[in-house]
Amino acid sequence: MKDITIEQLSLMLKSKGEDSELIRKKANSLTEKIFGRNIYLRGIIEFSNLCTKDCLYCGIRRSNKNLERYTIEKEEIKEIIKKSYIDGFRTVVLQSGEVPVYDRDLTEIIEYTKNNFDMAITLSVGERKRKVYYEWKRAGADRFLLRIETTNRKLFKRLHPDDDFDLRLKSLLTLKELGYETGTGVMIGLPGQTYEDLAKDILFFKLYDFDMLGVGPFIPHHQTPLKDEKVIDFETVLNFIALLRLVTINTNIPATTSMATLEKEGREKALNSGANVIMPNYTPQKYREKYLLYDNKICVKEDESSTLKITEEVVKRAGKKLVKERGDRREKLLTDIPIDL
Ligand code: 5AD
């Protein structure tokens with residue numbers, strides 16, 4: 000897949016039936032060649048739904064006035080992290096809407112975690128100045144997730160009234176330069192997005208050599224301007240994951256919650272199509288219904304004490320093995336590189 004073209008990728012993204020199965024099988028065998036049957040566990044803690052931005056697709060956008068806003072207090076966040084560690088988690092993802100008010104608290108939470116537990120910290124809190132990213136890195140943060148959402152600049156502009164594509168890319172490059180394992184990703188099936196756009200997304204990830212690629216289907220939220228838009232078929236989502244694996248080879252690719260919302264056993268299918276990470280929700284139940292980025296999000300009624308059990312079942316159904324390790328990005332060995340795909 001070294002010199003694959005946009006046209007070839009677009010065609011493969013459209014595959015159906017046996018053609019799609021073949022691509023997914025190849026992706027799964029490459030995944031197992033690199034990671035064995037191991038699936039790495041990360042717990043997401045959605046610690047605040049405050050947001051200053053108004054992205055058209057998102058349920059916690061600032062214009063959504065029907066939402067009660069919350070921020071979990073820092074001592075409670077520390078307790079949740081501690082609990083996740085006792086449960087066996089070795090990576091937590093701290094996620095929130097985009098608002099700079101808790102930046103100092105985050106530094107304290109990162110220091111607390113790194114001083115007390117042997118675990119990786121991923122931040123997923125949006126764009127900040129280099130200085131802030133630097134402070135968090137110095138405090139011990141390991142990774143950062145910042146989705147580019149789409150690499151089609153026109154579509155990016157239309158969906159993000161407050162954002163600039165080049166600034167988003169600059170933030171991603173700053174994160175890499177500061178030594179974060181850096182993750183990005185896109186939504187699949189955005190209104191107006193083409194197969195060619197999706198093909199270009201995959202080549203963009205390859206070009207910048209991002210470490211983690213979190214992708215999922217766009218799902219309308221009833222309190223957003225995109226409420227009446229259609230969703231994409233799940234086969235395209237699986238093709239996208241499989242091609243991500245085949246093109247980027249040793250990246251960490253999670254089976255995300257949105258996949259299970261669109262399709263029953265969506266995560267199981269993703270874990271058999273190239274995904275090697277699972278990122279279940281570890282937010283306490285009382286906050287979960289206030290963090291609905293899209294409609295019909297799963298596990299809103301569950302609480303964090305059942306997270307591990309549910310996740311173990313998903314991974315088992317997929318015929319894989321859940322491992323409680325940090326799951327840093329694998330170095331690419333020459334022997335990992337497939338000669339013939
Ligand atoms: N459908 C699917 N994914 C969404 N996200 C936000 N809103 C939606 C939606 N309506 C995703 C974005 C964001 C991540 C945290 O959640 O990609 O980066």
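Residue numbering for the sequence shown follows numbering that gives the first Met the number 0, starting at 0 and increasing by one per position.
Where is the CB? At the ideal position from N, CA and C, for every residue including glycine.
Burial state of residue i (16 or more Cβ within 10 Å)
i	result
S305	exposed
I85	exposed
V92	buried
I338	Note that I338 has pLDDT 47, beneath the 50 cutoff, so the model's placement of it is unreliable and no number is given.
E97	buried
D208	exposed
V100	exposed
D163	exposed
Residue range of the unbroken alpha helix (DSSP H) whose run includes residue i
i	result
Q94	Taken as a continuous stretch (DSSP letters only), Q94 belongs to no alpha helix (DSSP H), being part of the beta strand (DSSP E) at 90-95.
V246	233-247
R167	164-176
First through last residue of the beta strand (DSSP E) which encompasses residue i
i	result
I120	119-123
K320	320-322
G16	Not the beta strand (DSSP E): G16 falls in the alpha helix (DSSP H), residues 16-34.
G42	42-47
Beta-carbon separation (whole angstroms), residue i vs residue j, contact threshold 8 Å
i	j	result
K296	T260	6 Å
G87	L307	7 Å
I22	M278	The Cβ separation is near 23 Å, so there is no contact.
L270	A317	4 Å
R325	T90	6 Å
Y293	G58	6 Å
Given residue i as reference, the closest of the options once Cα atoms are compared
i	options	result
E195	N151, I38, K136, E134	N151
A119	L40, T223, L168, K169	L40
E176	F34, T112, D141	D141
L49	K24, F209, Q94, R167	Q94
Y179	M11, L171, K229	L171
K268	N280, K289, N238, D294	N238
P283	N251, T70, L202	T70
K113	A138, R266, D232, K199	A138
V131	E148, L10, T173	T173
R127	R68, T51, S83	T51
Proximity test, Cβ basis, 8 Å: residue i and chain B
i	result
E264	Note that chain B does not occur in the displayed structure, where there is just one protein chain.
Would you say the segment 309-317 touches the segment 237-247, given that touching needs at least three Cβ pairs under 8 Å?
Touching, no.
Are the segment 105-115 and the segment 71-79 in contact at 8 Å, needing three or more beta carbon pairs?
Inter-segment contact for the segment 105-115 and the segment 71-79 is present: three or more beta-carbon pairs are separated by less than 8 Å.
Is there contact here, the segment 207-221 with the segment 258-277, by at least three beta-carbon pairs under 8 Å?
Enough Cβ pairs lie closer than 8 Å, so yes.
Between the segment 1-8 and the segment 221-236, are three or more C-beta pairs nearer than 8 Å?
The segment 1-8, when compared against the segment 221-236, does not touch it at the 8 Å Cβ threshold.
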